[in-house]
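The listed protein sequences derive, respectively, from chains B and Y.
Its first residue numbered 1, the first sequence is counted upward by one per residue in the UniProt record's numbering.
Its first residue numbered 1, the second sequence is counted upward by one per residue in the UniProt record's numbering.
All C-beta atoms, glycine included, are put in the ideal place defined by N, C-alpha and C.
Protein chains: 2
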Amino acid sequence: MSGTERLDALRARYGASPDPALADGPWNDVIAGLLAHRTVRAFRPDPLPPGILETLVAAAQSAPSSSNLQTWSVVAVEDPEAKRRLSEVARGQRHVVEAPLVLVWLADLSRLGAIGRERDRPTDGLAYLEMLTVGVVDAALAAQNATVALESLGLGSVYIGALRNDPEAVAELLGLPPNVLAVFGLCVGWPDPERPAAVKPRLGQEVVLHRGRYDPALAAGAIAAYDAAMAEFQAGQRMPEVGWSGAALERVRGPESLSGRDRLRGILERRGFGLK
Amino acid sequence: MSGTERLDALRARYGASPDPALADGPWNDVIAGLLAHRTVRAFRPDPLPPGILETLVAAAQSAPSSSNLQTWSVVAVEDPEAKRRLSEVARGQRHVVEAPLVLVWLADLSRLGAIGRERDRPTDGLAYLEMLTVGVVDAALAAQNATVALESLGLGSVYIGALRNDPEAVAELLGLPPNVLAVFGLCVGWPDPERPAAVKPRLGQEVVLHRGRYDPALAAGAIAAYDAAMAEFQAGQRMPEVGWSGAALERVRGPESLSGRDRLRGILERRGFGLK
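Rendered as structure tokens:
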């Protein structure tokens, strides 16, 4: 990859020219691939070739797992009717139906519970918020490895956090036992070249990277610059030019802005998670 | 990569010969790199070259983020005394001191709270368990992208979930404001060739991959086979041949087996997380 392509990749990622430390840092094809990530919401209807699912799961399983407990599972959904019902949970997101494969990633504390019951051994540790955290982290690390793998094959994907709008409906549809949470979905398919996706800019590094100690001062200039970069990106996508911070604040305004996910704690408690 | 190398990679990952669907699936250098992941706990003392940190953060920021809220931050710790104190939290794990760089990945709901306060806008949605989940997922996706990037450069790493043994000590050391949780650390450095790491086998795919619906039947045969594969792996590493399921059950036996992390919920509440 030429130096120009690299600078272009960094400019697309930040909506701005990169600092010299970043522009002169190490680089290779894997890093170029990671930087080129884009969220794909428009898929060709073509099915996936054989073996893709198993390869993505092998990549996912190769991610680190906390104490090797492997407290995650994944359900592969390809049935059109099941995808339609998942899309309803996600407030009608069309790509959930369009994508040939929807992977539903689970924080799964049920497996260790079942092994414990079978051997008459206690698993009271599962009833703590810590263990839900372990399951969520395990599922996320696994899913992200699958995402990197699928993008390396030319496939595209989009995470569907909106499955948490109604975890009970997802549990019923997929037959999830107690102590299992569908953390998010991942729609997988061939990107539709007629409706191409773009690299979305992120906050400047000075906002998210802290050296030695956390700096609580808001990098107000950096956030204003990012709002401008996002507005420019949105203009290019023919989206409303709302920038970032105003839209982000709207998203966390209150329980009514959480699309039903303000009920998550109660639902988890009913579904067997101790959350102690 | 030859077909033999590929089969070897799959055999190492599962401690068994792979199913045909997996052995004949798609393959490339990125997937080979993901499959070859190993946890590195032995580092050379050499410092990291300039630009590595910035490149890893750019890779991390290129990971998907829920609604693009970017509810994560990272603290880069290189100071020996700070690393020593982090290692104390992690019950003396030596690699936290040995690694030239420790990245502490944060679920950060504080940034949006601060932006809201500055603009006199409500951010009551941050007080829900849902938003902690968003922050934890965002931090994990970002960290895993950094892990893929660093391994592509020949570096090695190990996640340190044990920072959750004492989140308050970590918060004090790193100056974390309320509504920020250190989800885990990540030690980064050059693997010491004198103390090489190995690929750890994982559960068979039939245990973690469900097709269409979750199958609650325990694949007892597959778990017994995995226990045997782990015992063989442990023998090769001159570790006690305890297998997997017994050790995993010990880890979740009860609050006393959680290394202090049974206190996580109370600590989060004291540190400003609403967890509603």
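In the same chain as R261(Y), and ignoring 5 residues on each side of it, the C-beta atoms closer than 8 Å to its own belong to R164 and N165, in chain order.
Following the DSSP letters along the chain, one finds Y159(Y) inside the beta strand (DSSP E) bounded by residues G156 to I160.
Within chain Y, the residues whose beta carbon sits less than 9 Å from that of V74(B) are V208, L209 and H210, listed in sequence order. Between V97(Y) and L174(Y), the CB-CB gap reaches or exceeds 9 Å. In the DSSP assignment, G266(Y) falls within the alpha helix (DSSP H) that extends over L264 to R270. Uninterrupted alpha helix (DSSP H) stretches at least 4 residues long and entirely within the region 200 to 232 of chain Y occur at 205 to 208, given in chain order. Contact check for A76(B) against L53(B) passes: the beta carbons are separated by less than 9 Å. At a cut-off of 9 Å, the C-beta of F184(Y) has a neighbouring C-beta in chain B.
The beta carbon of N179(B) lies closer than 8 Å to those of D108, L109, S110, G113, L126, R271, G272 and F273 in the same chain, with the five residues before and after it left out.
Within the same chain, Cβ atoms closer than 6 Å to the Cβ of L132(Y) are found at F273, the five residues on either side in sequence being excluded. Look at the region 5 to 77 of chain Y and you find these whole runs of alpha helix (DSSP H), each 4 residues long or longer: 20 to 23, 29 to 35 and 52 to 61.
Straight through space, the alpha carbons of E232(Y) and L106(Y) are spaced by roughly 36 Å.
With a 10 Å radius around the Cβ and a threshold of 16 neighbouring Cβ atoms, Q237(Y) comes out exposed. By the beta-carbon neighbour count (other beta carbons within 10 angstroms, threshold 16), D138(Y) is buried.
The Cβ neighbour count for G221(B), taken over all protein chains shown within 10 Å, is under 16; the residue is labelled exposed. The Cβ atoms of H95(Y) and R41(Y) sit closer than 9 Å to each other.
Going by beta carbons, V134(B) and S66(B) fall inside the 9 Å limit. Listed in chain order, the alpha helix (DSSP H) runs fully inside the region 131 to 178 of chain B are 167 to 174, counting runs of at least 4 residues. As DSSP reads the structure, A182(B) sits in a beta bridge with L106(B). Counting every other CB atom within 10 Å of its CB across the protein chains shown gives A59(Y) a total of 16 or more, marking it as buried.
At a cut-off of 9 Å between beta carbons, V180(Y) contacts chain B. G189(Y) places its beta carbon less than 9 Å from that of L155(Y). Each of W244(B), G92(B), G254(B) and P100(B) was checked against the Cα of F43(B), and the nearest Cα belongs to P100(B). The continuous stretches of alpha helix (DSSP H) do not include V242(Y), and DSSP gives it neither H nor E.
At a beta-carbon threshold of 7 Å, the residues of chain Y lying near L176(B) are Y214, ordered along the chain. In the three-state reduction of the DSSP assignment, P196(Y) falls in the coil class, being assigned neither a helical nor a strand state. Of the residues R253(Y), P50(Y), A228(Y) and D215(Y), the one whose Cα lies closest to the Cα of R117(B) is R253(Y). Boundaries of the alpha helix (DSSP H) around S87(B): P80 to V89. Inclusion of Y214(B) and L176(Y) in the CB contact set at 9 Å is warranted, their separation being smaller than that value.
In summary, the residues of the region 16 to 42 of chain Y whose CB is separated from some CB of chain B by less than 9 Å are P18, D19, P20, A21, L22, A23, D24, G25, P26, W27, N28, D29, V30, I31, G33, L34, L35, A36, H37 and T39, in the order they occur in the chain. In the three-state DSSP reduction, P255(Y) falls in the helix class (H, G or I). By the Cβ-count criterion, N145(Y) is buried, with 16 or more other Cβ atoms from all chains shown falling within 10 Å of its own Cβ.
Between A198(Y) and R38(Y), the C-beta gap is smaller than 9 Å, which places the two residues in contact.
The beta-carbon separation of R13(Y) and R202(Y), rounded to 6 Å, stays under the 8 Å limit for a contact.
A buried status is given to G161(Y), since no fewer than 16 other beta-carbon atoms sit within 10 Å of its beta-carbon.
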